[in-house]
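Using full-length UniProt numbering, read the sequence shown as starting at 1 and increasing by one per residue. We treat Cβ as the ideally placed atom computed from N, Cα and C, and that holds for glycine.
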Amino acid sequence: MKPQARRVGRPPKDASHHLERAHRILDAATDLVLRWGYDKTTIEDIARRAGVAKGTIYLHWRTREELFAALLRRERVAMLNEVRRRVEDSPGTLRDLLRLLASEVMNRPLMRAVLLGDSEVLGKLTRMKRDGEISAGLRSGFETYLGALLEHGALRTDLSPAEHVTALVSILYGFLLVPQMMPEKYRMSNERLAELLADAGSRTMEADGPMTAESTRAIARATLDFVDFAVETAQRKLRASLGSEENAR
């Protein structure tokens, strides 16, 4: 017996219009979530803001949760694309990568809320696994990146990979959380916080001593390769959420 063919839904007559409408809906959802929070934002609210019928939203996403997963995936792609653009104009060291990532996270309320598990903004989404977790593929890509830095003498050899990651995550969360607890006079700009975070991370993780020109070039290439990998992974997941790719791995 031949296996039954899987039924595939008809593609939209105008794919560009379908995609434009999806982004318009996500724009509306972003505005409302940042204003009211996830738990108070309804499909009706989003439809009204986007200028579409409520049923139209369900042509794009089966559930409210899928819509918001798409919203977060889109914001992650935008963030990583900007990091990619800025990394290309930098020396491409670990310090540069940390500074640029921190700067983008701090200046993007949705990404900051995801990282901190901010229930005031994301509500029940903070209790969902979904895209809030780092995928196995991205973890593997970061481990590959750390391996390249180690190979070219850019990382301390007295710390294990787990210790490097633990130190980095601790520094990142510390710089994101602590400023909210400080008196007003001690608060500083996001850019300055990003610089201090990168300084703390590089001092903790990077090896001392001069680098050869060859190693410097190799490290810059590895940094760019890692960001490219992260961008491609995020874009693939977004395409799946927008219906332009069937599955995200």
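For residue i, which residues in the same chain have their Cβ closer than 6 Å to its Cβ, ignoring the five residues on either side in sequence?
| i | result |
| --- | --- |
| residue 97 | 223 |
Our contact map puts residue i next to residue j with C-beta atoms below 8 Å; I'd like the distance itself, whole angstroms only.
| i | j | result |
| --- | --- | --- |
| residue 92 | residue 219 | 6 Å |
| residue 61 | residue 47 | Going by Cβ atoms, the distance from residue 61 to residue 47 rounds to 12 Å, so no, they are not a contact pair. |
| residue 204 | residue 167 | 5 Å |
| residue 235 | residue 77 | 6 Å |
| residue 117 | residue 39 | Not confirmed; about 14 Å, so no contact. |
| residue 82 | residue 104 | 6 Å |
| residue 79 | residue 194 | The Cβ separation is near 13 Å, so there is no contact. |
| residue 178 | residue 84 | So it is not a contact: roughly 28 Å between Cβ atoms. |
| residue 226 | residue 137 | Actually they do not touch by this definition, with Cβ atoms about 12 Å apart. |
| residue 155 | residue 120 | Their Cβ separation, rounded to whole angstroms, is 37 Å, which puts residue 155 and residue 120 out of contact at 8 Å. |
| residue 114 | residue 72 | 6 Å |
| residue 161 | residue 143 | 6 Å |
How would you call residue i, buried or exposed, if buried means at least 16 neighbouring beta carbons within 10 angstroms?
| i | result |
| --- | --- |
| residue 95 | buried |
| residue 252 | Because the chain spans 1 through 249 in this model, residue 252 falls outside it and cannot be assessed. |
| residue 237 | buried |
| residue 201 | buried |
| residue 75 | buried |
| residue 198 | buried |
| residue 50 | buried |
| residue 1 | With a pLDDT of 42 at residue 1, under the threshold of 50, the predicted position of this residue should be treated as unreliable, though the coordinate-derived value follows. When all chains shown are included, residue 1 counts as exposed. |
| residue 164 | buried |
| residue 111 | buried |
| residue 173 | exposed |
Got a sec? Which residues, its chain only, sit under 8 Å from residue i by beta carbon, not counting five neighbours each side?
| i | result |
| --- | --- |
| residue 41 | 29, 32, 33 |
| residue 214 | none |
| residue 159 | 167, 205 |
| residue 109 | 34, 121 |
| residue 233 | 135, 137, 138, 141 |
Note the first and the last residue of the continuous alpha helix (DSSP H) segment covering residue i.
| i | result |
| --- | --- |
| residue 96 | 94–106 |
| residue 35 | 15–36 |
| residue 174 | 161–177 |
| residue 54 | 54–60 |
| residue 67 | 64–88 |
| residue 182 | Where residue 182 is concerned, there is no enclosing alpha helix (DSSP H), given that its DSSP letter is neither H nor E. |
| residue 109 | 109–116 |
| residue 228 | 213–241 |
| residue 119 | 119–122 |
| residue 39 | First-last for residue 39: undefined, no H or E at that position. |
Just list the residues that DSSP pairs residue i with in beta bridges.
| i | result |
| --- | --- |
| residue 155 | 206 |
Excluding the 5 residues flanking residue i on each side, which residues of the same chain have their C-beta closer than 7 Å to its C-beta?
| i | result |
| --- | --- |
| residue 242 | 19, 22, 70 |
| residue 191 | 103 |
| residue 149 | 94, 155, 219, 222 |
| residue 139 | none |
| residue 187 | 179 |
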